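S.K.: Protein chains in written order, with my numbering: chain A, 1 to 379; chain B, 380 to 628; chain C, 629 to 919.
Glycine residues also receive a C-beta, built at the ideal position from the N, C-alpha and C atoms.
Bear in mind that the values here come from a model prediction, so they are computed numbers and not experimental data.
Have a look at this one.
Okay, structure coming up:
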């Protein structure tokens with residue numbers, strides 16, 4: 001074999017490796033409902049039983065949500081504080097449609113998704129006119145508006161009580177505890193789809209454009225490219241994926257509550273992505289899954305005897321899962337800003353002699369150069 | 380006060396490299412500034428003159444050795460470097476527009492007994508405008524204020540960046556006089572594109588091109604060498620700035 | 629007519645509360661470029677500690693009321709300074725991470741408060757006068773509004789004095805304008821950062837105690853709801869601008885009250901739309917400097 005084909009053989013292998021690994025993971029996950037695996041301490045039941053399958057489905061929903069957020073923050077460098085709006089649009093969208101229109105499930109889902117996409121396009125078009133912290137504030141404002149709308153229109157949305165799913169037109173295939181594994185498989189399929197969207201966004205010219213626009217919008221415009229267009233597409237895609245996860249969520253939970261549009265949820269997503277590693281697709285997935293499992297386990301742990309027997313000073317904070325998560329988040333941001341994926345990636349690259357700034361630090365450098373509210377750019 | 384200088388330089392810079400947002404702007408610059416007089420830093424637009432000064436102060440990320448009177452200062456934070464006796468007159472003056480003249484000066488004062496007499500003597504106009512908002516001052520007055528800020532303390536060196544930029548000839552003359560007076564007290568590293576001013580003020584000259592030092596020597600000798608000027612500084616150097624064409628090419 | 633007066637005066641009173649929270653946020657963001665998500669936690673903590681002190685003494689007395697305000701302010705300042713020193717300072721110039729760290733702190737703090745005091749609102753007692761109303765041209769204005777207005781005015785006056793006549797005040801004003809130049813004058817801005825956080829935390833703590841009396845209860849979420857409005861006010865008023873924050877506070881609150889009263893409770897929604905509109909037309913805020 002010649003040198004060249006040796007080299008290209010190697011690189012093809014290297015490029016194929018993640019694909020193969022990913023495919024293997026999906027295959028493994030798909031077969032879980034058929035296997036009897038127990039992971040005590042993490043999974044509540046064996047893997048073929050509905051308890052675990054429901055938890056894993058929820059974890060995958062949040063993984064998909066984190067993935068969609070990573071498209072914004074990791075790929076395009078947009079720090080949005082209103083991402084929950086699109087998730088809620090999907091969840092409430094489907095819930096409202098099924099409640100008030102007699103359409104079968106699949107058209108209902110389509111309507112909800114179109115609604116979510118429209119909302120994302122409109123809010124996105126308005127928001128991308130600013131960047132940095134102002135962008136964060138506008139997105140926060142829109143999400144707040146959505147939250148207020150949901151809470152106030154109790155007749156349609158169920159208000160603070162939440163909306164329960166009208167299952168008249170939902171095929172039996174998905175209903176009932178027995179069929180949790182069908183929901184599981186649906187969720188898995190959707191997650192794979194969202195992952196592919198994220199992959200496409202990253203790898204495509206769109207992704208390159210988004211990344212380049214982080215550095216210098218003006219330069220791009222001078223070159224005749226339109227970074228705003230790329231940003232909007234990315235924003236809309238992220239919003240659509242979030243709506244998709246919202247649709248699956250309302251199906252899985254048979255209902256939804258106003259937390260689905262709350263700032264709290266966006267914060268939660270942010271925590272997932274940062275924990276997992278900003279800018280890494282697999283980091284977002286890890287973050288989503290980890291958060292869901294941690295949240296569940298910590299809640300159980302919080303109620304356990306071990307904690308109850310601790311002195312108050314320790315027991316009170318440790319019995320609050322969000323406290324532990326908040327502290328963990330702070331520690332990660334301060335000492336491991338790359339998150340899990342970033343840290344692993346940095347270690348891996350150090351072994352191969354290459355260095356790379358973590359995505360968060362890159363964001364800092366960019367925001368240092370970018371014009372700010374009420375400030376001129378400082379050299 | 381003891382100088383601590385080994386070879387008559389107040390500031391030595393070795394292998395200074397600096398970057399802004401990942402872009403290299405200063406590449407391996409080494410220079411030394413004598414403990415008296417004015418040393419000019421020359422070069423075309425964008426070669427890294429301003430960045431060199433900012434790098435010395437630590438305002439941009441940089442590497443290399445910087446010694447003030449023999450002691451290393453490159454490991455210190457900007458405010459500590461300045462506190463060691465490095466005064467700074469930035470390009471574009473950067474006075475605080477929403478503070479008064481008096482407040483701008485008060486902010487700069489570091490010592491128990493600031494050099495108020497010198498400042499009052501050199502800049503009587505500023506004394507009159509003590510309570511005026513710095514943002515409403517003319518360009519020339521702002522420049523005077525910027526220089527005054529650096530002179531209010533007993534610094535060991537002043538880093539002065541294009542003090543005559545955009546000013547009318549009369550004001551350029553005033554600034555030149557002020558700098559010459561200042562140089563009696565403290566050595567100055569002066570970035571300047573106005574060659575006439577350089578001729579009047581500078582002892583030594585350092586020429587920078589492409590982020591590197593390409594020539595050092597006596598200023599007057601350099602300025603007399605037309606071929607050298609054209610080669611290192613380019614076409615704009617033809618017109619001895621001082622007859623109205625302030626804007627550099 | 630009397631309803632107009634009612635809406636306007638209660639709007640101003642609510643604006644006073646917003647100003648208590650937003651003034652600190654504005655200074656912190658203007659000087660440090662940190663959007664402090666933990667500001668609500670400072671507020672809530674001040675409210676809880678103030679309440680704890682008051683309920684152990686005679687909570688109907690004016691002296692105890694004043695004491696609880698003082699305690700709230702001190703506690704807020706302490707917690708804010710600690711936050712700055714332990715979490716913000718080590719992340720110098722890493723603004724995104726600083727914002728994230730405050731997000732984490734807010735998350736942990738609210739959870740901690742729920743653990744200590746429970747998730748439900750706790751109804752508090754105070755001087756009897758606060759529960760009464762005063763008649764102004766036919767409008768019955770609840771007296772808590774007067775206290776809010778008084779506190780906000782006192783804060784504004786002291787802040788203006790501080791900024792104009794003290795050295796730290798000058799440093800902060802200069803730093804809001806051009807921070808690198810302040811360091812280039814030999815000044816360690818980091819100390820000013822702690823001062824600004826302490827001031828903001830103190831105002832938030834006082835705001836917390838007063839907010840508790842205004843709403844009638846303390847709860848772990850007291851700060852979070854107010855925080856969103858404080859953000860909105862900060863951005864609309866222009867960051868780093870104290871007068872901007874003051875004007876925007878009143879503007880937003882009065883608008884909110886009008887919308888709630890005359891437009892069928894859409895106050896919250898209108899405010900959100902206003903924020904988006906202002907940000908798009910004038911990213912620097914209505915009063916603040918041009919971007």
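Quick one, are the C-beta atoms of residue 821 (chain C) and residue 659 (chain C) less than 8 angstroms apart?
M.R.: Numbered from 1 along the third chain, position 193 holds the residue referred to as residue 821 (chain C). Numbered from 1 along the third chain, position 31 holds the residue referred to as residue 659 (chain C). For residue 821 (chain C) and residue 659 (chain C), yes; Cβs fall inside 8 angstroms.
S.K.: Are the C-beta of residue 812 (chain C) and some C-beta of chain B separated by less than 8 angstroms?
M.R.: By 1-based counting over the third chain, the position of residue 812 (chain C) is 184. For residue 812 (chain C), the answer is yes, since a Cβ of chain B falls inside 8 angstroms of its Cβ.
S.K.: Nearest chain A C-beta to residue 846 (chain C) closer than 8 angstroms, yes or no?
M.R.: Along the third chain, read from residue 1 onward, the residue named residue 846 (chain C) stands at position 218. No, residue 846 (chain C) does not count as interfacial toward chain A.
S.K.: My output table needs one value for residue 57 (chain A): the three-state DSSP class, helix, strand or coil.
M.R.: As a first step, residue 57 (chain A) is located in the first chain; it is residue number 57 there, counting from the start. Residue state, collapsed to three classes: helix.
S.K.: Cβ of residue 87 (chain A) within 8 angstroms of Cβ of residue 65 (chain A)?
M.R.: On the first chain, residue 87 (chain A) is found 87 positions in, with the first residue counted as 1. On the first chain, residue 65 (chain A) is found 65 positions in, with the first residue counted as 1. Going by C-beta atoms, residue 87 (chain A) is nearer than 8 angstroms to residue 65 (chain A).
S.K.: Taking C-beta pairs closer than 8 angstroms, name the residues in chain B that residue 809 (chain C) reaches, listed in chain order.
M.R.: Locating residue 809 (chain C) in the third chain gives position 181, where the first residue counts as 1. Within 8 angstroms Cβ-Cβ: 469, 473 and 475.
S.K.: Just to make sure I have the definition right: I need the residues of chain B whose C-beta is within less than 9 angstroms of the C-beta of residue 802 (chain C). Which are they?
M.R.: Here residue 802 (chain C) refers to the residue found at position 174 when the third chain is read from its first residue. Within 9 angstroms Cβ-Cβ: 475, 477, 478, 482, 483 and 486.
S.K.: Is it the case that the Cβ atoms of residue 796 (chain C) and residue 635 (chain C) are separated by a distance below 8 angstroms?
M.R.: Position 168 of the third chain, counted from the start, is the residue given in the question as residue 796 (chain C). Position 7 of the third chain, counted from the start, is the residue given in the question as residue 635 (chain C). No, these two residues do not count as a Cβ contact at 8 angstroms.
S.K.: Would you call residue 106 (chain A) buried or exposed, if buried means 16 or more other Cβ atoms sit within 10 Å of its Cβ?
M.R.: Residue numbering aside, residue 106 (chain A) sits at position 106 when the first chain is read from its first letter. Burial call: exposed.
S.K.: Relative to the C-alpha of residue 818 (chain C), which candidate in C:831, C:804 and C:830 has its C-alpha closest?
M.R.: Looking up residue 818 (chain C) in the third chain gives position 190. Among C:831, C:804 and C:830, the Cα nearest to that of residue 818 (chain C) belongs to C:804.
S.K.: Consider the Cβ of residue 900 (chain C): report whether some Cβ of chain A lies at a distance smaller than 8 angstroms.
M.R.: If you number the third chain from 1, residue 900 (chain C) lands on position 272. Yes - at least one Cβ of chain A is within 8 angstroms of the one on residue 900 (chain C).
S.K.: Which of the three DSSP states is assigned to residue 470 (chain B) in this structure?
M.R.: Taking the first residue of the second chain as 1, we reach residue 470 (chain B) at position 91. If DSSP states are grouped into helix, strand and coil, residue 470 (chain B) belongs with coil.
S.K.: Classify residue 583 (chain B) as buried or exposed, calling it buried when 16 or more other Cβ atoms lie within 10 Å of its own Cβ.
M.R.: Position 204 of the second chain, counted from the first residue, corresponds to residue 583 (chain B). By the neighbour-count rule (16 or more Cβ atoms within 10 Å), residue 583 (chain B) is buried.
S.K.: Run through chain C and tell me which residues come within less than 7 angstroms of residue 320 (chain A), C-beta to C-beta.
M.R.: Residue numbering aside, residue 320 (chain A) sits at position 320 when the first chain is read from its first letter. Going along chain C in sequence order, the residues near residue 320 (chain A) (Cβ under 7 angstroms) are 739, 740, 742 and 743.
S.K.: Taking only three categories from DSSP, how would you classify residue 629 (chain C)?
M.R.: One-based indexing of the third chain puts residue 629 (chain C) at position 1. If DSSP states are grouped into helix, strand and coil, residue 629 (chain C) belongs with coil.
S.K.: Taking just the CA atoms, how far does residue 568 (chain B) sit from residue 580 (chain B)?
M.R.: The residue labelled residue 580 (chain B) in the question sits at position 201 within the second chain. The residue labelled residue 568 (chain B) in the question sits at position 189 within the second chain. One C-alpha to the other measures close to 11 angstroms.
S.K.: Which same chain residues end up closer than 6 angstroms to residue 318 (chain A) when comparing Cβ atoms and leaving out the 5 residues on each side of it in sequence?
M.R.: Taking the first chain and counting its residues from 1, the one referred to as residue 318 (chain A) is at position 318. Here the set comprises 307.
S.K.: Which residues of chain B have a Cβ atom closer than 9 angstroms to the Cβ of residue 805 (chain C), listed in chain order?
M.R.: Start at 1 with the first residue of the third chain, and residue 805 (chain C) comes out as number 177. Per Cβ cutoff of 9 angstroms: 475, 476, 477 and 478.
S.K.: Starting from residue 567 (chain B), follow its DSSP beta bridges and name the residues at the other end.
M.R.: Indexing the second chain from 1 puts residue 567 (chain B) at position 188. DSSP output for residue 567 (chain B) lists B:417 and B:537 as bridge partner(s).
S.K.: Let me know the alpha helix (DSSP H) ranges lying completely inside the segment 69-102 of chain A, each 4 residues or longer, listed in chain order.
M.R.: Those alpha helix (DSSP H) runs which fall completely within the segment 69-102 of chain A and span 4+ residues are 84-100.
S.K.: Does the beta-carbon distance from residue 98 (chain A) to residue 169 (chain A) come in below 8 angstroms?
M.R.: Position 98 of the first chain holds residue 98 (chain A). Position 169 of the first chain holds residue 169 (chain A). Contact flag set, yes.
S.K.: Determine the contact status of residue 802 (chain C) and residue 478 (chain B), defining contact as a CB-CB distance below 8 angstroms.
M.R.: Against the third chain, residue 802 (chain C) aligns to sequence position 174. Against the second chain, residue 478 (chain B) aligns to sequence position 99. Their beta carbons are under 8 angstroms apart, which means residue 802 (chain C) touches residue 478 (chain B) by this criterion.
S.K.: Quick check: residue 59 (chain A) and residue 339 (chain A), are their CB atoms within less than 8 angstroms of each other?
M.R.: If you number the first chain from 1, residue 59 (chain A) lands on position 59. If you number the first chain from 1, residue 339 (chain A) lands on position 339. Contact flag unset, no.
S.K.: Tell me, to the nearest whole angstrom, how far the beta carbon of residue 27 (chain A) is from that of residue 185 (chain A); I am working on the premise that it is less than 8 angstroms.
M.R.: Taking the first chain and counting its residues from 1, the one referred to as residue 27 (chain A) is at position 27. Taking the first chain and counting its residues from 1, the one referred to as residue 185 (chain A) is at position 185. About 12 angstroms separates the two Cβ atoms, so there is no contact after all.
S.K.: Could you check whether the Cβ of residue 11 (chain A) sits closer than 8 angstroms to any Cβ belonging to chain C?
M.R.: The sequence position of residue 11 (chain A) within the first chain is 11, counting from 1. Not an interface residue.
S.K.: Relative to the alpha-carbon of residue 599 (chain B), which residue among B:557, B:575, B:430 and B:593 has its alpha-carbon at the smallest distance?
M.R.: Within the second chain, residue 599 (chain B) is the residue found at index 220, counting from 1. Closest option to residue 599 (chain B), Cα to Cα, is B:575.
S.K.: Hey, would you say residue 865 (chain C) sits closer than 8 angstroms to residue 705 (chain C), going by beta carbons?
M.R.: The residue labelled residue 865 (chain C) in the question sits at position 237 within the third chain. The residue labelled residue 705 (chain C) in the question sits at position 77 within the third chain. No, these two residues do not count as a Cβ contact at 8 angstroms.
S.K.: Residue 612 (chain B) lies in the alpha helix (DSSP H); which residues open and close that run?
M.R.: Numbered from 1 along the second chain, position 233 holds the residue referred to as residue 612 (chain B). First-last of the alpha helix (DSSP H) with residue 612 (chain B): 605-612.
S.K.: Look up residue 749 (chain C) in the DSSP assignment and say whether it is helix, strand or coil.
M.R.: In the third chain, counting from the first residue as 1, residue 749 (chain C) sits at position 121. In this structure, residue 749 (chain C) counts as coil in the three-state DSSP scheme.
S.K.: Check each candidate in C:906, C:908 and C:629 and name the one with the smallest Cα separation from residue 765 (chain C).
M.R.: Taking the third chain and counting its residues from 1, one reaches residue 765 (chain C) at position 137. Considering only alpha carbons, the answer is C:629.
S.K.: To be precise: take each residue of the segment 709-720 of chain C, compare its Cβ to all Cβ atoms of chain B, and keep it if any distance is under 9 angstroms. Which residues remain?
M.R.: Going along the segment 709-720 of chain C in chain order, one finds no residue with a Cβ nearer than 9 angstroms to chain B.
S.K.: Go ahead and label residue 595 (chain C) buried or exposed: buried means 16 or more other beta carbons lie within 10 angstroms of its beta carbon, across all protein chains shown.
M.R.: Beyond the ends of chain C as shown, which are 629 and 919, falls residue 595 (chain C); an answer cannot be given.
S.K.: Quick one: what's got a C-beta closer than 7 angstroms to residue 499 (chain B)'s C-beta in the same chain, skipping five residues either side?
M.R.: Position 120 of the second chain, counted from the start, is the residue given in the question as residue 499 (chain B). Within the same chain, residue 499 (chain B) has close Cβ partners 506.
S.K.: Is the CB of residue 904 (chain C) under 8 angstroms away from at least one CB in chain A?
M.R.: Numbered from its first residue, the third chain carries residue 904 (chain C) at position 276. Yes - at least one Cβ of chain A is within 8 angstroms of the one on residue 904 (chain C).
S.K.: Can you give, in chain order, each stretch of the alpha helix (DSSP H) that sits fully within the segment 731-799 of chain C and has at least 4 residues?
M.R.: The segment 731-799 of chain C contains these whole alpha helix (DSSP H) runs: 772-793.
S.K.: Residue 884 (chain C) and residue 899 (chain C): beta carbons closer than 8 angstroms?
M.R.: The sequence position of residue 884 (chain C) within the third chain is 256, counting from 1. The sequence position of residue 899 (chain C) within the third chain is 271, counting from 1. Their beta carbons are under 8 angstroms apart, which means residue 884 (chain C) touches residue 899 (chain C) by this criterion.
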